[in-house]
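Numbering of the sequence shown is given in my numbering, commencing with residue 113 and proceeding in unit increments.
The block underneath contains the structure these notes are about, expressed in structure tokens.
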Amino acid sequence: MTSLSDAKQGQKKKLSLVKTLVENLRAAISSGDLAVGEKLPSEAALTELHGVSRTVVREAVAALRADGMVEPRQGAGVFVTRARPASVSPLQIIDNKRLSSVLEIIELRTAVEVEAAGLAATRRSIAQEADIFEALSDMEAAIASGQQTEPADLAFHIAITRATNNPRFEQFLTMLGLDAIPRAKLESGAAMARDAQYMAKLRDEHLRIADSISERDEVAARAAMRAHLEGSHARYRKIFRDSSQSHHTNS
């Protein structure tokens, strides 16, 4: 049985591999080894070349996309678009210590992702459906082993935006990156991850979204995504309220 310590070490190793691969690809792009307009090696090729998993490759490419250095083209692959990271968008400036900043992002995500879930239900391919359930499986595995769930959580939502077959949805969520999942940076994030009831609810909400998209039920997919994000909105309000009351009591 994997211990919590082993799981944390495994997660740290994975994050280190992602960081290393991102740095290597950025260097190749900046030096011109991968020129602007050139196609990145395939996911399988990057996996073999760098000796990492598909998940590591996907997260590294997502980081490059957030930088504006690469972009996917439907049915063609991922192409280099600039040699240096793009300037930071105001949407990427998120203060996870401020309730207003966290709630603003969740409200914006709700406006975008409810529509994305509905479109994904009507447009998704079999391969895109498989990607959604693969990300959900990764999240379940992270919950079971005590690892950080945020990367798989973000991958799940990105897989849904990709299934809209409108690249703008995916670009939006990729730009936000892990800041779209604020529990990773909250002081109470570790406690949330240890709360079995909370994580089970989170898993069930994601499963309802995935099942609705799988069944091509547009109405149910929109409703499930809205319930999930509005639930997140309420949960974060409670977290900040409880934290404020605790600090007031201890002061």
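Note that beta-carbon positions come from the ideal geometry of N, C-alpha and C, so glycine has one too.
None of these values were measured; they are calculated from a predicted model.
*Quick one: what's got a C-beta closer than 7 Å to R320's C-beta in the same chain, skipping five residues either side?*
Taking the first residue of the sequence shown as 1, we reach residue 320 at position 208. Result list for R320: A336, in chain order.
*Between the beta-carbon of I244 and the beta-carbon of A271, is there less than 7 Å?*
Numbered from its first residue, the sequence shown carries residue 244 at position 132. Numbered from its first residue, the sequence shown carries residue 271 at position 159. Yes, they are a contact pair.
_4-residue-minimum alpha helix (DSSP H) runs that sit fully inside the segment 302 to 331, ordered along the chain_ = 308 to 326
_Nearest by alpha-carbon distance to R274: which of R353, A239, D291, V164 is it?_
Position 162 of the sequence shown holds residue 274. Of R353, A239, D291, V164, the residue nearest in Cα terms is A239.
*Uninterrupted beta strand (DSSP E) stretches inside the segment 140 to 191 (no shorter than 3 residues)*: 182 to 185
*Per the contact definition of three or more C-beta pairs closer than 8 Å, is the segment 225 to 232 in contact with the segment 255 to 264?*
no
_Mapping the DSSP letters down to three states, classify T222 as helix, strand or coil._
As a position in the sequence shown, residue 222 is number 110, starting the count at 1. Here T222 sits in helix by DSSP.
*In its own chain, which residues sit with a C-beta less than 6 Å from the C-beta of D316, not counting the 5 before and 5 after it?*
On the sequence shown, residue 316 is found 204 positions in, with the first residue counted as 1. Excluding positions up to five away in sequence, the list is empty.
*Neighbourhood of L129 by C-beta distance below 6 Å, restricted to the same chain and skipping five residues each side*: Against the sequence shown, residue 129 aligns to sequence position 17. Excluding sequence neighbours, L129 sits near V164, V168.
*Just curious, the alpha helix (DSSP H) that P279 is in, first and last residue?*
Against the sequence shown, residue 279 aligns to sequence position 167. It spans 279 to 288 - the alpha helix (DSSP H) in which P279 sits, taken as one unbroken run.
_Local Cβ density within 10 Å of V214, reported as buried at 16 or more and exposed below that_ = By one-based count along the sequence shown, residue 214 stands at place 102. V214 should be labelled buried.
*How about the segment 278 to 290 and the segment 323 to 338: do they share at least three Cβ pairs that are nearer than 8 Å?*
no
*Determine the direct distance from the alpha carbon of A174 to that of S143, and round the result to whole angstroms.*
The sequence position of residue 143 within the sequence shown is 31, counting from 1. The sequence position of residue 174 within the sequence shown is 62, counting from 1. About 20 Å.
*6 Å CB neighbourhood of A232 in its chain, flanking five on each side removed*: Numbered from 1 along the sequence shown, position 120 holds the residue referred to as residue 232. Result list for A232: I272, A275, T276, I325, in chain order.
*Sequence-distant residues of its chain with Cβ nearer than 8 Å to P153 (five each side left out)*: Here the question's residue 153 lines up with position 41 in the sequence shown. The answer, listed in chain order, is L161.
*Any idea if G187 is buried or exposed, counting beta-carbon neighbours within 10 angstroms, 16 or more meaning buried?*
Walking along the sequence shown from the start, residue 187 turns up at place 75. Looking at its Cβ environment, which holds fewer than 16 other Cβ atoms inside 10 Å, G187 is exposed.
_Integer-rounded CB distance, given that L266 should sit under 8 Å from L248_ = Taking the first residue of the sequence shown as 1, we reach residue 248 at position 136. Taking the first residue of the sequence shown as 1, we reach residue 266 at position 154. At roughly 12 Å, the Cβ-Cβ gap does not stay under 8 Å, so L248 and L266 are not in contact.
*Does DSSP classify Q240 as helix, strand or coil?*
Against the sequence shown, residue 240 aligns to sequence position 128. Looking at Q240 - three-state DSSP - the assignment turns out to be helix.
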